[in-house]
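Chemist: Please find one structure pasted underneath; my questions will follow.
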């Protein structure tokens with residue numbers, strides 16, 4: 781229903797001789813982006829038998845969003861796990877665009893975050909983790925978070 785309102789407003793302006801978005805339509809589109817940008821980790825459980833997942837940030841909104849795609853963070857019990865630092869390029873995700881990260885157990889932990897790198901967690905304890913990324917729309921920004929679990933050999937961990 782929201783999208784019909786936006787399209788109707790844009791169409792009416794276009795018929796009048798040019799596309800002019802009113803402040804209300806622009807604010808609507810920004811509000812849509814605050815709710816429509818998502819971050820997911822699939823599958824939601826990593827283990828030595830299945831050590832890899834994909835974290836995906838997706839812009840399902842009507843307007844572009846900005847993010848430093850290299851400034852992701854992985855936390856465990858509120859403490860940073862990786863990376864220690866990240867590079868500073870600003871990226872833009874167009875409407876409908878997404879970006880994937882590969883999250884992997886084992887190996888040397890990722891020390892510097894890059895947008896196109898595999899996120900290596902190293903040898904971590906079982907429990908609940910969070911993959912985080914900040915995104916911005918207009919003057920507003922928000923932190924997206926996707927939770928996932930790390931389990932030890934042989935099943936789920938009771939230590940969370």
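Residue numbers (our numbering): 781 to 940. Built from N, CA and C at the ideal position, the CB exists for glycine as well.
Considering Cα atoms alone, identify which of 825, 932, 872 and 885 is closest to residue 817.
Modeler: Residue 872 is the option with its Cα nearest to residue 817.
Chemist: What runs of the beta strand (DSSP E), each 3 residues or longer, lie entirely inside the stretch 887–924?
Modeler: Runs of the beta strand (DSSP E) inside the stretch 887–924: 898–900 and 907–917.
Chemist: Would you mind stating whether residue 853 and residue 870 have Cβ atoms separated by less than 7 Å?
Modeler: No; because the gap between Cβ atoms is not below 7 Å, this pair is not in contact.
Chemist: Decide if residue 861 is buried, meaning its Cβ has at least 16 other Cβ atoms within 10 Å, or exposed.
Modeler: Result: buried.
Chemist: Could you check what DSSP says for residue 820 in three-state terms: helix, strand or coil?
Modeler: Three-state result, residue 820: strand.
Chemist: Spell out the partners DSSP gives residue 880 in its beta bridges.
Modeler: Paired residue(s): 836.
Chemist: Hey, residue 889 and residue 841: beta-carbon distance below 7 Å or not?
Modeler: Against a cut-off of 7 Å, the Cβ pair of residue 841 and residue 889 comes out as no contact.
Chemist: According to the neighbour-count rule (16 or more other Cβ atoms, all chains shown, within 10 Å of its Cβ), is residue 825 buried or exposed?
Modeler: Exposed is the call here.
Chemist: Residue 849 and residue 879 - do their beta-carbons sit closer together than 7 Å?
Modeler: Cβ distance < 7 Å, so residue 879 and residue 849 count as in contact.
Chemist: If you follow the beta strand (DSSP E) that residue 845 is part of, which residue opens it and which one closes it?
Modeler: Run containing residue 845: 845–847, per the beta strand (DSSP E) assignment.
Chemist: Which same chain residues, not among the five before or five after residue 828, have their C-beta less than 6 Å away from its C-beta?
Modeler: The residues are 933.
Chemist: What does DSSP give as the partner residue(s) for residue 866 in the beta ladder?
Modeler: For residue 866, which the question treats as bridged, DSSP gives the partners 893.
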